[in-house]
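A short worksheet on the structure shown next.
Protein chains: 2
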Amino acid sequence: MSVNAREAILAEAKCAAQKHGYNGINFRNIAAEIGIKNASIYYHFASKASLGAAVANRYWQDTVQYLETIRSTSADAAEALTRYPTIFRKSLEDDNRLCLSSFMAAEYEDLPLEVKVEIQAFVDANVAWLSHVLSEKGTGSSEDYKKQALAIYTAVAGAQLVARTRQNTEIFDELIATYQQTGLIPIS
Amino acid sequence: MSVNAREAILAEAKCAAQKHGYNGINFRNIAAEIGIKNASIYYHFASKASLGAAVANRYWQDTVQYLETIRSTSADAAEALTRYPTIFRKSLEDDNRLCLSSFMAAEYEDLPLEVKVEIQAFVDANVAWLSHVLSEKGTGSSEDYKKQALAIYTAVAGAQLVARTRQNTEIFDELIATYQQTGLIPIS
DNA sequence: ACCTGAACACCGTTCAAGT
DNA sequence: ACCTGAACACCGTTCAAGT
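In order, the protein sequences belong to chains A and B. In terms of UniProt numbering, the first sequence opens at residue 1 and continues consecutively. In terms of UniProt numbering, the second sequence opens at residue 1 and continues consecutively.
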C-alpha cells in the first residue's frame, strides 16, 4: 500500500477497468481497497480521465512488450500468428476480464479524449505487429497486410467479447479455430 | 409525448442505450426529453433493469423481423449472407450508434439478469438465422454451421465496434470485404 | 390512472485544512 | 509531500401525496 500509493491506485484501477469498463472505475472503492480516502487519489491523478488514460497507456505498453516476446520466442511468423490470440485468452482465463480496448471501444464515444488516444494506440500497436508478422510470411502488398491485420485484430477482440458473454473460454478457442479454418487467420 | 408515455420512454431509452450503453440510460434525461419527471418513469417500469430488459427485448424482436425480411427478399442464400452485415452497418450510419448487444456484451457482467437474458436471445437469434442460411447453401454438418454462424456474428459485431472507434463507416465495409475475401463469410 | 416533490444513498470533484 | 473531512452536483430509487 504505502510503498507506492500511485502504483497501487493504478493496479486497482486497471483491474476495475478490465472487469467493469472505464465507467466501473470507482474512486471510493479503489481508495478503500488500498486504505486511503477517495480524496487522496486526486493528489496522484488530476481526474478520473487522467487515471483512466494512465491505466490505458500502461496497458498498451505492456501489450507491446508481450507481443515482442511472442515474436522473439517464435520459430517463425506462422507460430507467432498462432500465439497471437493468447493475449486475449489470458485475460478471459484470469477472472473473465476483458481487454481494455474492447471495453472502451463500447464506451468510446463517452470517453475523455486523453483516454481515447491511448485506446487508439493499443489498436495501432496490434495492427502494426500483425502487419509485420503477416508480411514476413506472405507475398501481398503492404495495404493488404494492414487490412488483414485489422480484420484479425477485430475478429479476435470480438471473440473475447462473445466468449465473455457466455462465461466460457472454450467458445473463444472454437471461434479462433473457425477463423483459422476459414482462412481469416493463416495457419501455415 | 402523452399519446403513449410508455412507448416514448422505450424509444428514448433505446436511443440512449445505443449511444451510451445500459449505463448511459439516464432517467432524468429521458424524463426531460419527453416532458415528465423522472419519478414518473417508475409508474411504467419497475426499475432501470426492467426498462433495460424491455428495450433489449424489443430490439431483438425487431431484428428477427428484419432478418426474415432479408431472407424473403433475397434470391438465394448467398445474397442473404451478403446482406446480413447491413443490419450492423445501418446503426453505424445512423448517428454512429452501436448494436445493443455489442454494447451490453462489454457491460455484461454488471447487467441485471433480466437484461442478460434478452441480450443472449439476440445473439441466439442471429446465430440461428445464419446457421439456417449457411445450411441452405453448404454441405457441412449442422455443428459446423453453428460454429461458422457464431464466427460470422462475432466478426461482424467486432467490425462494428472497431469502425465506431474510428468513426468511419468505410472501415466497416473494408472489414466485411476482408472477411469475404479470406473466406470467413462465404460469397457464392 | 398517471404524475409529482422531497428525500435517500452513491459518486466524481473541489478545497481548505491537517501532518 | 501526502492525506483528510466536508461540501457540491448528479443519479437511481422510494414514497407519500396530488389530480
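We put the CB at the ideal spot given by N, CA and C, even for glycine.
CB contact below 8 Å: residue i versus chain B
| i | result |
| --- | --- |
| A:GLU109 | yes |
| A:LEU98 | yes |
| A:THR82 | no |
| A:GLU174 | yes |
| A:ASN168 | no |
| A:ALA5 | no |
| A:THR178 | yes |
| A:GLY140 | no |
| A:ASN126 | no |
| A:GLY24 | yes |
Contact under 8 Å by Cβ, residue i with residue j
| i | j | result |
| --- | --- | --- |
| A:ALA106 | B:PHE103 | yes |
| A:SER74 | A:ARG83 | yes |
| A:SER50 | A:GLU114 | yes |
| B:ILE25 | B:LYS48 | yes |
| B:ALA56 | B:PHE122 | yes |
| A:ALA31 | A:ILE41 | yes |
| B:GLU33 | B:GLU7 | no |
Own chain, CB closer than 8 Å to residue i, minus 5 neighbours either side, in chain order
| i | result |
| --- | --- |
| A:ARG58 | LEU10, LYS14 |
| A:VAL127 | LYS146, ALA149, LEU150, TYR153 |
| A:ALA125 | TRP60, THR63, VAL64, LEU67 |
| A:THR169 | ARG89, LEU92, GLU93, ALA163 |
CB contact below 8 Å: residue i versus chain A
| i | result |
| --- | --- |
| B:ARG89 | no |
| B:GLN148 | yes |
| B:THR63 | no |
| residue 189 of chain B | Nothing can be reported for residue 189 of chain B, as the shown portion of chain B is limited to 1 through 188. |
| B:THR182 | yes |
| B:HIS20 | yes |
| B:PHE103 | yes |
| B:MET1 | Caution is warranted here: a pLDDT of 47 is assigned to B:MET1, below 50, making its placement in the model unreliable, and no coordinate value can be reported. |
| B:LEU161 | yes |
| B:THR154 | yes |
| B:ALA106 | yes |
| B:ALA157 | yes |
| B:ALA151 | yes |
Burial state of residue i, where buried means 16 or more other Cβ atoms lie within 10 Å
| i | result |
| --- | --- |
| A:GLU118 | buried |
| A:ASN4 | exposed |
| A:ILE187 | exposed |
| A:VAL178 | For clarity, residue 178 of chain A is Thr in the given sequence; the question names Val instead. By the neighbour-count rule (16 or more Cβ atoms within 10 Å), A:THR178 is buried. |
| B:SER141 | exposed |
| B:THR63 | buried |
| A:THR86 | exposed |
| B:ALA155 | buried |
| B:ARG28 | exposed |
| B:ASN23 | buried |
| A:LYS37 | exposed |
Residues of its chain near residue i, where Cβ-Cβ distance is below 6 Å and the 5 sequence neighbours each way are ignored
| i | result |
| --- | --- |
| B:VAL133 | ALA77, ALA80, LEU81 |
| B:GLY21 | PHE103, GLU107 |
| B:GLY183 | none |
| A:ILE185 | ILE152, TYR179 |
| A:PHE45 | LEU51 |
Cβ shell of residue i (< 7 Å), same chain only, five flanking positions each side left out
| i | result |
| --- | --- |
| A:ILE171 | VAL162, ALA163 |
| A:GLU136 | ALA77 |
| B:CYS99 | PHE88, SER91, ALA157, GLN160 |
| B:ASN96 | ARG164, GLN167 |
Quick one: complete alpha helix (DSSP H) runs, 4+ long, within the stretch 73-118 of chain A? 77-83, 86-93, 100-107
Please specify which runs of the alpha helix (DSSP H), each continuous and at least 4 residues long, are wholly inside the UniProt domain "HTH tetR-type" (3-63) of chain A, giving them in chain order. 5-20, 27-34, 41-44
Which runs of the alpha helix (DSSP H), 4 residues or longer, sit entirely within the stretch 112-159 of chain A? 113-137
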